[in-house]
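**Student:** Offset between the sequence shown (1-based) and the numbering used here: plus 23.
We put the CB at the ideal spot given by N, CA and C, even for glycine.
Before I ask anything, here is the structure I am working with.
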Amino acid sequence: MASIKKFQVTFDCAEPERVARFWCEVLGYVVPPPPKGFTTWEAFDRSLKPEDRGSWFACADPSGVGPRLFFQRVPEGKAAKNRLHLDVRVGTGLVGEERLAVLEAECARLVALGAVRVRLLAADEDNESCIVMQDVEGNEFCLD
Numbered sequence: 024m025a026s027i028k029k030f031q032v033t034f035d036c037a038e039p040e041r042v043a044r045f046w047c048e049v050l051g052y053v054v055p056p057p058p059k060g061f062t063t064w065e066a067f068d069r070s071l072k073p074e075d076r077g078s079w080f081a082c083a084d085p086s087g088v089g090p091r092l093f094f095q096r097v098p099e100g101k102a103a104k105n106r107l108h109l110d111v112r113v114g115t116g117l118v119g120e121e122r123l124a125v126l127e128a129e130c131a132r133l134v135a136l137g138a139v140r141v142r143l144l145a146a147d148e149d150n151e152s153c154i155v156m157q158d159v160e161g162n163e164f165c166l167d
């Protein structure tokens, strides 16, 4: 049996393109080229039935290493805490005040993009500090 080498992370959301573009900025991802026969995503979107316009959007790691992120419109809003979340690893290998400074700087950048800072989880005997945040639609993620 062959092992799976690639996977996609899918987000349910109200505004797929808005959320996708936020995560492009967070992760340095890019919007892939539009489907064959279309010069822009807007032209592709206009070709769809009205009810399907804006129903999904995607972004990809330009290096091809990270997973593709797919955003799909759903009718219901977020009702509870995520059961799965992303850890944005900006402080790997850093400890103490140096780690906190890096986390705080990235937190400030992401807040300017529309993220919300939820709380700092201070270092303890088992874990280094991290900052719990929410994306532009309230999905939790951690700066780690």
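1. What is the rounded straight-line gap between the Cα of phenylalanine 67 and the Cα of leucine 92?
2. Could you check what DSSP says for aspartate 35 in three-state terms: helix, strand or coil?
3. Three or more C-beta pairs closer than 8 Å, one from the segment 26-35 and one from the segment 79-93: is that the case here?
4. Helix, strand or coil for aspartate 110, going by three-state DSSP, please let me know.
5. Which residue from Ser26, Gly89, Glu65 puts its Cα closest to that of cysteine 172?
6. Report the residue from Val125, Gly161, Tyr52, Leu143 whose alpha carbon sits nearest the alpha carbon of glycine 137.
7. Apart from the five residues just before and just after alanine 128, which ones in its own chain have a Cβ nearer than 6 Å to its Cβ?
8. Which residue spans inside the segment 71-144 form an unbroken alpha helix (DSSP H) run of at least 4?
9. Going by DSSP, what residue range makes up the alpha helix (DSSP H) through glutamate 65?
10. Decide if glutamate 121 is buried, meaning its Cβ has at least 16 other Cβ atoms within 10 Å, or exposed.
11. Once DSSP output is grouped into helix, strand and coil, what is the label at glutamate 48?
**Tutor:** On the basis of the coordinates in this document:
1. The straight-line gap from Cα to Cα measures roughly 19 Å.
2. Correct three-state label for aspartate 35: strand.
3. At 8 Å Cβ cutoff, the stretches touch.
4. Aspartate 110 falls in the strand class under three-state DSSP.
5. Past the boundaries of the shown model lies residue 172; the chain is included only from 24 to 167, so the question cannot be answered.
6. Considering only alpha carbons, the answer is Gly161.
7. Closer than 6 Å at the Cβ level, and outside the excluded window around alanine 128, lies no residue.
8. 119-135, all fully within the segment 71-144.
9. Per DSSP, glutamate 65 belongs to the alpha helix (DSSP H) from 64-69.
10. Looking at its Cβ environment, which holds fewer than 16 other Cβ atoms inside 10 Å, glutamate 121 is exposed.
11. DSSP, reduced to helix, strand and coil, places glutamate 48 within a helical segment of the structure shown.
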